[in-house]
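Each remark here refers to the structure printed beneath this line.
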Amino acid sequence: MQVRPLGDRVLVKMVEEQQRTQSGIYIPDTAKDKPQTGVVVAVGDGEDVKVKEGQRVLFAKFAGTEIKIDNEEHLILSSEDILAIVE
Amino acid sequence: MQVRPLGDRVLVKMVEEQQRTQSGIYIPDTAKDKPQTGVVVAVGDGEDVKVKEGQRVLFAKFAGTEIKIDNEEHLILSSEDILAIVE
Amino acid sequence: MQVRPLGDRVLVKMVEEQQRTQSGIYIPDTAKDKPQTGVVVAVGDGEDVKVKEGQRVLFAKFAGTEIKIDNEEHLILSSEDILAIVE
Amino acid sequence: MQVRPLGDRVLVKMVEEQQRTQSGIYIPDTAKDKPQTGVVVAVGDGEDVKVKEGQRVLFAKFAGTEIKIDNEEHLILSSEDILAIVE
Amino acid sequence: MQVRPLGDRVLVKMVEEQQRTQSGIYIPDTAKDKPQTGVVVAVGDGEDVKVKEGQRVLFAKFAGTEIKIDNEEHLILSSEDILAIVE
Amino acid sequence: MQVRPLGDRVLVKMVEEQQRTQSGIYIPDTAKDKPQTGVVVAVGDGEDVKVKEGQRVLFAKFAGTEIKIDNEEHLILSSEDILAIVE
Amino acid sequence: MQVRPLGDRVLVKMVEEQQRTQSGIYIPDTAKDKPQTGVVVAVGDGEDVKVKEGQRVLFAKFAGTEIKIDNEEHLILSSEDILAIVE
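These protein sequence lines map, in sequence, to chains V, R, A, X, H, C and D.
What the first sequence shows, in our numbering, is residues 6 to 92, in sequence order.
What the second sequence shows, in our numbering, is residues 6 to 92, in sequence order.
What the third sequence shows, in our numbering, is residues 6 to 92, in sequence order.
What the fourth sequence shows, in our numbering, is residues 6 to 92, in sequence order.
What the fifth sequence shows, in our numbering, is residues 6 to 92, in sequence order.
What the sixth sequence shows, in our numbering, is residues 6 to 92, in sequence order.
What the seventh sequence shows, in our numbering, is residues 6 to 92, in sequence order.
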């Protein structure tokens with residue numbers, strides 16, 4: 006089964022908290038809009054999509070719509086809610 | 006009797022909860038904007054319509070207007086409220 | 006006496022509840038934005054008007070402005086508030 | 006003394022309640038946005054003005070700004086707040 | 006000292022209540038957005054400015070920013086808040 | 006040290022209350038959006054900037070962001086929040 | 006590890022309070038939208054980005070999303086939230 010995002014939407018697989026800490030990024034708990042990271046799994050064909058499959062991305066916490074695919078947490082985000090690529 | 010959506014609107018027949026689980030997508034109950042899936046029954050002729058009849062689609066829960074046709078639950082959605090195609 | 010809608014507005018004569026049920030469309034009472042149906046009586050000359058006189062249309066409940074013409078309930082709607090044509 | 010509306014604004018002289026009933030239009034008291042009718046007295050030179058002096062028009066109740074000219078109630082409305090022409 | 010409005014702004018000198026009544030315009034006290042009149046003193050060079058110095062204008066009450074120049078009440082208004090010219 | 010405003014922003018040095026009164030402009034205390042005056046110190050290179058260094062300007066009170074430079078009160082304003090030039 | 010901002014976003018490393026005071030800029034505690042300064046670390050490739058790496062910038066306090074990189078406080082800001090360059 007495959008979820009194909011439409012337009013400028015991007016499907017992101019959530020990254021575990023532990024993984025985030027190892028990479029050196031730490032998200033303060035008190036921040037109002039806590040960013041989070043994930044890995045891009047699929048992208049729509051919209052012009053505003055600037056990320057590719059496999060890239061690790063940073064996004065604001067309350068952005069997007071949560072879905073579980075094969076029991077793993079994913080998020081469908083608008084491209085504009087992706088803040089940065091983490092390399 | 007037939008319902009013909011206007012412009013960028015799409016008519017979707019709701020999919021039963023059980024069907025959703027079998028496909029591997031699980032929608033968390035605590036998610037604020039729970040997505041749901043349905044099957045496209047008819048589309049308007051607007052430019053922004055990116056889906057076709059018969060496709061299974063994922064959309065945010067509170068989007069669209071509910072109607073019952075021949076006692077089955079349907080939704081008329083704007084194309085922009087359809088997040089992804091499920092294959 | 007005649008009411009001529011301006012621009013993209015449409016004049017719709019409300020359809021009785023009974024008539025709706027016969028056609029197979031049933032509007033759930035609990036739906037937040039209950040759609041309703043009516044018959045187009047007159048249309049403005051705006052570009053966005055996609056319906057014609059005599060067509061039966063579906064629209065969201067709280068859209069438009071109610072008026073009574075010759076004691077019959079009518080609604081003046083913006084074209085964008087008409088969701089679908091019912092055939 | 007003369008009031009010349011600017012741009013897309015229209016000056017309307019309010020029509021008495023009795024006159025409205027005679028014409029066959031009846032405005033329900035419970036309607037949230039009760040429409041009202043009046044006669045166009047002067048129009049601005051804006052492109053969006055679709056009505057002419059002397060025409061009877063229907064508009065939503067809380068639209069526009071009330072003024073009294075020579076002790077008669079008038080309303081200055083934006084053209085977009087005029088719903089229909091009554092003939 | 007001179008106040009030169011910028012862009013589409015207009016400087017208006019407030020007209021005394023008595024003057025307004027003499028001209029035949031009367032502003033109802035109960036009106037939610039009471040219009041008022043004044044005389045244009047200076048205009049910006051914006052394209053949307055449709056009034057000239059010396060013209061008497063009608064505007065909605067809570068529009069603009071009040072200033073006193075040489076102890077006289079003035080208002081700096083956006084052109085779009087001027088409803089009509091009073092002649 | 007120098008603060009260079011970006012785009013259509015303007016850096017204004019606040020003018021003392023006493024100075025304002027001498028110029029003949031008086032700002033009523035009860036006005037909801039009390040205008041204030043200042044002297045333009047630096048401007049961005051945006052197209053909408055219509056003021057120059059050294060000009061005295063009038064702006065709405067709650068506009069902009071306050072900063073102190075060398076212990077003197079300044080404001081960074083968007084050009085559109087500057088109402089008029091005072092000469 | 007590197008964070009690459011997308012589009013018109015800018016990554017800024019926060020500047021210590023002490024550093025700010027030495028530069029002559031003082032931010033009043035009572036100001037509703039306290040500006041802050043930081044040093045640009047990375048910029049997106051969007052057209053609206055007007056700042057370069059290494060520049061010290063002034064921005065409104067509640068703008069952007071906080072992240073910690075290698076235990077140092079950073080902010081991802083939209084370009085439009087950067088008010089001025091401090092030289």
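Note that beta-carbon positions come from the ideal geometry of N, C-alpha and C, so glycine has one too.
Residue-level contact to chain V via CB, residue i, 8 Å cutoff
{"i": "Val91/R", "result": "yes"}
{"i": "Ile87/D", "result": "no"}
Residue-chain proximity (residue i, chain A), Cβ-Cβ < 8 Å
{"i": "Ala68/X", "result": "no"}
{"i": "Ala65/X", "result": "yes"}
{"i": "Gly62/R", "result": "Checking the displayed sequence, the identity of residue 62/R turns out to be Val instead of Gly. Not one chain A Cβ lies under 8 Å of Val62/R."}
Cα-Cα separation between residue i and residue j, rounded to whole angstroms
{"i": "Val15/A", "j": "Met19/H", "result": "43 Å"}
{"i": "Ile74/R", "j": "Leu80/R", "result": "10 Å"}
{"i": "Gln60/V", "j": "Arg61/C", "result": "52 Å"}
{"i": "Leu11/A", "j": "Asp50/X", "result": "17 Å"}
{"i": "Gly43/X", "j": "Val17/X", "result": "6 Å"}
{"i": "Phe67/V", "j": "Leu88/X", "result": "40 Å"}
{"i": "Asn76/A", "j": "Glu77/X", "result": "29 Å"}
{"i": "Arg9/A", "j": "Arg9/X", "result": "25 Å"}
Residue i and residue j closer than 8 Å at C-beta
{"i": "Leu63/A", "j": "Ile72/R", "result": "yes"}
{"i": "Lys55/V", "j": "Ser83/V", "result": "no"}
{"i": "Thr70/A", "j": "Ala65/X", "result": "yes"}
{"i": "Val7/V", "j": "Glu92/R", "result": "Checking the sequence shown, residue 7/V turns out to be Gln, not Val. Result yes, Cβ atoms of Gln7/V and Glu92/R sit closer than 8 Å."}
{"i": "Asp13/R", "j": "Asp53/R", "result": "yes"}
Residue i at chain D interface by Cβ criterion, 8 Å
{"i": "Gly43/C", "result": "no"}
{"i": "Val20/C", "result": "no"}
Residue from the options whose Cα sits closest to the Cα of residue i
{"i": "Val45/H", "options": "Gly51/H, Glu52/H, Lys57/H", "result": "Lys57/H"}
Min CB distance residue i to chain X below 8 Å
{"i": "Ile74/H", "result": "no"}
{"i": "Leu80/A", "result": "no"}
Neighbour flag for residue i against chain R, beta carbons, 8 Å
{"i": "Leu16/V", "result": "yes"}
Short CB-CB distance (under 8 Å) between residue i and chain F
{"i": "Thr70/R", "result": "Structure shown: chain F not included; protein chains present are V, R, A, X, H, C and D."}
Could you please tell me which residues of the region 45-60 of chain D, in chain order, have their CB closer than 8 Å to any CB of chain C?
Lys55, Val56
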